[in-house]
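Heads up: the structure comes next, in structure tokens.
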Amino acid sequence: MLRWKGGAISELTIPVKRKPQRRLRTSEDTISLVRRLAIHYPDAKIAWILNRQHRRTARGLSFTASRVQSLRHHWHIPCHHDTGDTPVEGDLLNVTQAARELRIAPSTLLRWLDDGFVAGEQITPGAPWQIRLTGQLQAMLTDNTPDGWVPLAYATQALGVSRQTVLQKVKRGELRAVLTRTGRRKGLRIELPAPQDGLF
Numbered sequence: 362m363l364r365w366k367g368g369a370i371s372e373l374t375i376p377v378k379r380k381p382q383r384r385l386r387t388s389e390d391t392i393s394l395v396r397r398l399a400i401h402y403p404d405a406k407i408a409w410i411l412n413r414q415h416r417r418t419a420r421g422l423s424f425t426a427s428r429v430q431s432l433r434h435h436w437h438i439p440c441h442h443d444t445g446d447t448p449v450e451g452d453l454l455n456v457t458q459a460a461r462e463l464r465i466a467p468s469t470l471l472r473w474l475d476d477g478f479v480a481g482e483q484i485t486p487g488a489p490w491q492i493r494l495t496g497q498l499q500a501m502l503t504d505n506t507p508d509g510w511v512p513l514a515y516a517t518q519a520l521g522v523s524r525q526t527v528l529q530k531v532k533r534g535e536l537r538a539v540l541t542r543t544g545r546r547k548g549l550r551i552e553l554p555a556p557q558d559g560l561f
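Position one of the sequence shown corresponds to residue 362 (this note's numbering), numbered consecutively onward.
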């Protein structure tokens, strides 16, 4: 309302400046995760991992390969390139690659991974397992079972303990074991401790 010097009054309507709408933006945590994943995986695999973690785009949509690609381009994140180089000791390989290098089936490697005999790594929960190819891991595998070494089921009966107890003893180094990759029954072979006379 304006009051003029002569006493006249004028009313003016002026629009109030609205607060600008909040810009849509992907969470910093998701962007950081995409940076780490893009080193190892193509866009389709990244989208699969993000969806497994129930992450969404800035507009609340599920991720697809094209949406991951757009996100990478916007934030200048390089894409994954498979070099195809021969893996060297210490390299992180996916299950298929590691199984090929170790000359075993991927299902066998997954079982050993689940039992804890083979150490695996994940970039983030839900990402595929990766196995570090080391000399120690390769030394655990053998084509021929040492004489006197027995399967896990037989070891549990001979020692009178549960399967889990035997596995824990192997992991702690209390029992020696190898992983056989040939023959009709592939798997863990355990060296039973020599009986000690005079204990009773």
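All C-beta atoms in this analysis are idealised placements derived from N, C-alpha and C, irrespective of residue type, glycine included. Owing to the predicted nature of the structure, the values given are computational and were not obtained by experimental measurement.
Here Leu-536 is not near Met-501, since their CB atoms are 8 angstroms or more apart. Of all C-beta pairs linking the region 410-421 to the region 462-477, fewer than three are shorter than 8 angstroms, placing the two stretches out of contact. Here DSSP, grouped into helix, strand and coil, assigns Asn-455 to strand. Around the beta carbon of Ala-514, fewer than 16 other beta carbons lie within 10 angstroms, which makes this residue exposed.
Distances from the CA of Asp-508 to each of Glu-552, Glu-372 and Gln-414 were compared; the closest alpha carbon is that of Glu-552. Secondary-structure assignment with DSSP links Ala-538 through a beta bridge to Ile-551. Taking a 10 Å sphere around the C-beta of Ile-407, we find 16 or more other C-beta atoms and assign the residue as buried. By the Cβ test, the region 472-484 is not in contact with the region 428-438, since fewer than three Cβ pairs between them sit closer than 8 angstroms.
DSSP places Gly-481 in the strand class (E or B) of the three-state scheme.
DSSP lists Asn-455 and Glu-482 as the beta-bridge partner residues of Gln-491.
In the three-state DSSP reduction, Val-527 falls in the helix class (H, G or I). Boundaries of the alpha helix (DSSP H) harbouring Glu-389: 389-398, taken from the DSSP string. When DSSP states are grouped into helix, strand and coil, Ser-371 belongs to the strand group. Using a Cβ distance threshold of 8 angstroms, Ile-410 and Ala-488 count as a contacting pair. Per the coordinates, the alpha-carbon of Val-511 lies some 44 angstroms from the alpha-carbon of Asn-412. Looking at Gly-451, Lys-366, Leu-494 and Ser-388, the one whose alpha-carbon comes closest to that of Glu-462 is Leu-494. Annotation for Lys-406: the continuous alpha helix (DSSP H) segment containing it runs 404-413.
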